[in-house]
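Student: Heads up, our numbering is the position in the sequence shown plus 8, with the first residue counted as 1.
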Amino acid sequence: MAYFAIVLSAGLGPVIVGTAVARTIGAGIADFHATGPLTLVAAIAGAVVAVGISYGAGVPTSLSVALFSSMVGALWVGPGLGAVHWAGIAKVGISMALSIVVGSFSGMVAYVLVVSLLVRLKRRAAQRVLSLQYVTVALLALGYGSNDLEKTAGLLAAGIPSATFSVPLWTVAVAIIFFAAGMAIGGVRVAKTVGGKLFVIRPLHALAFQLASASTVIGAASLGGPLSTTETSASAIVGVGAAQNPRALRWPVVRHIWLSWIATAPLALAAGALAGFVVKLF
Numbered sequence: 009m010a011y012f013a014i015v016l017s018a019g020l021g022p023v024i025v026g027t028a029v030a031r032t033i034g035a036g037i038a039d040f041h042a043t044g045p046l047t048l049v050a051a052i053a054g055a056v057v058a059v060g061i062s063y064g065a066g067v068p069t070s071l072s073v074a075l076f077s078s079m080v081g082a083l084w085v086g087p088g089l090g091a092v093h094w095a096g097i098a099k100v101g102i103s104m105a106l107s108i109v110v111g112s113f114s115g116m117v118a119y120v121l122v123v124s125l126l127v128r129l130k131r132r133a134a135q136r137v138l139s140l141q142y143v144t145v146a147l148l149a150l151g152y153g154s155n156d157l158e159k160t161a162g163l164l165a166a167g168i169p170s171a172t173f174s175v176p177l178w179t180v181a182v183a184i185i186f187f188a189a190g191m192a193i194g195g196v197r198v199a200k201t202v203g204g205k206l207f208v209i210r211p212l213h214a215l216a217f218q219l220a221s222a223s224t225v226i227g228a229a230s231l232g233g234p235l236s237t238t239e240t241s242a243s244a245i246v247g248v249g250a251a252q253n254p255r256a257l258r259w260p261v262v263r264h265i266w267l268s269w270i271a272t273a274p275l276a277l278a279a280g281a282l283a284g285f286v287v288k289l290f
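1. Just to confirm the assignment, what range does the alpha helix (DSSP H) spanning F217 have?
2. Using the rule of at least 16 other Cβ atoms within 10 Å of the residue's Cβ for burial, across every protein chain shown, is T172 buried or exposed?
3. Look at the Cβ atom of S154, then the Cβ atom of A165, and state whether they are nearer than 8 angstroms.
4. Do A251 and V56 have their C-beta atoms closer together than 8 angstroms?
5. Among the residues of its own chain, which have a CB less than 7 angstroms from the CB of A278, if the five just before and after it don't count?
6. Taking all protein chains shown into account, decide if F40 is buried (16 or more other Cβ within 10 angstroms of its Cβ) or exposed.
7. Since G284 and L163 are thought to touch, with beta carbons under 8 angstroms apart, how far apart are those beta carbons, to the nearest angstrom?
8. Determine whether the Cβ of A65 lies closer than 8 angstroms to any Cβ atom of chain B.
9. Measure how close the beta-carbons of A228 and L235 come, nearest whole angstrom, since I'm counting them as under 8 angstroms.
10. Thinking C-beta only, is S243 closer than 8 angstroms to I108?
11. Return helix, strand or coil for N155, following the three-state DSSP convention.
12. Have a look at T27 and K130 and give me their C-alpha separation to the nearest angstrom.
13. Return the first residue and the last residue of the alpha helix (DSSP H) that R128 is part of.
14. Nearest-angstrom Cα distance between G64 and A134?
15. Specify, as a first and last residue, the run of the alpha helix (DSSP H) that T272 falls within.
16. Alpha carbon to alpha carbon, how far is A18 from G151?
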């Protein structure tokens with residue numbers, strides 16, 4: 009039941025927040041209708057290869073960083089850097105950098121607010137507040153739907169031959185199917201792994217970081233700023249842990265995760281360029 013509730017909440021993301029992120033992905037980085045479908049295929053292939061290499065090496069990675077970096081690499085080798093919409097790249101870069109900063113700060117603020125509220129309540133009332141985690145989980149799933157799910161829809165829409173870019177309803181429907189499959193295969197396991205490695209998370213921490221992460225992701229999505237929900241959630245967890253007890257955080261793990269995200273960019277850029285070179289042979 010919880011699984012279907014998460015998928016349903018994610019599916020409502022594009023409906024409630026809109027499809028601004030899908031438009032940024034499908035038309036904001038480059039005009040893939042003009043560059044041709046093979047460039048788009050190369051960009052996606054490069055991102056998949058980069059993530060696969062990182063996964064095989066046991067290194068945490070960001071699919072969003074890999075996708076955007078691979079896009080630049082494929083465009084570079086294909087139609088050239090002149091085809092890149094640098095304003096769109098800047099928008100993506102700023103959104104993803106701010107997601108780490110804002111996510112961490114929001115996590116700290118959310119934890120302080122939740123704790124200050126709980127200490128003023130009686131035990132039964134406090135337990136009811138903690139039960140609001142069901143709501144924050146739904147909001148976080150809504151955030152995933154308004155961001156990660158829309159990235160898939162945007163890529164599908166970019167591959168549709170058309171004079172103008174649009175996001176048909178069927179692309180959103182297919183993206184929901186992919187999201188559900190990803191959740192079933194390993195989405196929950198990945199979330200637990202990332203959170204569990206940073207520090208021991210209790211219901212209070214979960215409530216705070218989910219609230220912080222959801223508000224950050226939904227806010228960015230409403231402005232069309234694509235970001236990594238994994239990065240945002242992990243940063244929010246770090247913010248919560250730092251607010252509670254900085255010594256309890258496993259800072260070497262935090263540093264390892266952040267460096268891995270940074271390392272993903274050049275790896276995916278090279279993979280996208282290689283994929284772009286391969287498709288030029290056809």
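Every residue gets a Cβ at the ideal spot worked out from N, C-alpha and C, and that includes glycine.
The structure displayed is predicted, hence computed values, not measured ones.
Tutor: Judging by the given coordinates:
1. Against the sequence shown, residue 217 aligns to sequence position 209. Note, F217: alpha helix (DSSP H), 211-230.
2. Here residue 172 is taken as the residue at index 164 of the sequence shown, counted from 1. By the 10 Å Cβ count, T172 comes out exposed.
3. Here the question's residue 154 lines up with position 146 in the sequence shown. Here the question's residue 165 lines up with position 157 in the sequence shown. Contact flag unset, no.
4. The count along the sequence shown starts at 1 and reaches residue 251 at position 243. The count along the sequence shown starts at 1 and reaches residue 56 at position 48. No.
5. Position 270 of the sequence shown, counting from 1, holds the residue named residue 278. For A278, where only same-chain residues beyond five positions count, the Cβ hits under 7 angstroms are G81.
6. On the sequence shown, residue 40 is found 32 positions in, with the first residue counted as 1. With 16 or more other Cβ atoms within 10 Å, it is buried.
7. Indexing the sequence shown from 1 puts residue 284 at position 276. Indexing the sequence shown from 1 puts residue 163 at position 155. A Cβ-Cβ separation of about 16 angstroms leaves G284 out of contact with L163 under the 8 angstroms criterion.
8. The chain inventory of the structure shown lacks chain B, comprising one protein chain alone.
9. Mapped onto the sequence shown, residue 228 falls at position 220. Mapped onto the sequence shown, residue 235 falls at position 227. With 8 angstroms as the limit, A228 and L235 qualify as a contact, their Cβ atoms being about 5 angstroms apart.
10. For this step, residue 108 is matched to residue 100 along the sequence shown. For this step, residue 243 is matched to residue 235 along the sequence shown. Yes, the Cβ-Cβ distance between I108 and S243 is below 8 angstroms.
11. Within the sequence shown, numbered from 1, the residue matching residue 155 stands at position 147. Helix.
12. By one-based count along the sequence shown, residue 27 stands at place 19. By one-based count along the sequence shown, residue 130 stands at place 122. Rounded to the nearest whole angstrom, the C-alpha separation of T27 and K130 is 43 angstroms.
13. On the sequence shown, position 120 is the one that residue 128 refers to. Per DSSP, R128 is not a residue of any alpha helix (DSSP H), being assigned neither H nor E.
14. To locate residue 64, count along the sequence shown from 1; it is residue 56. To locate residue 134, count along the sequence shown from 1; it is residue 126. Cα-Cα distance, rounded: 43 angstroms.
15. As a position in the sequence shown, residue 272 is number 264, starting the count at 1. Residue range 259-288 is occupied by the alpha helix (DSSP H) that includes T272.
16. In the sequence shown, residue 18 corresponds to position 10, counting from 1. In the sequence shown, residue 151 corresponds to position 143, counting from 1. Taking the Cα positions, A18 is about 7 angstroms away from G151.
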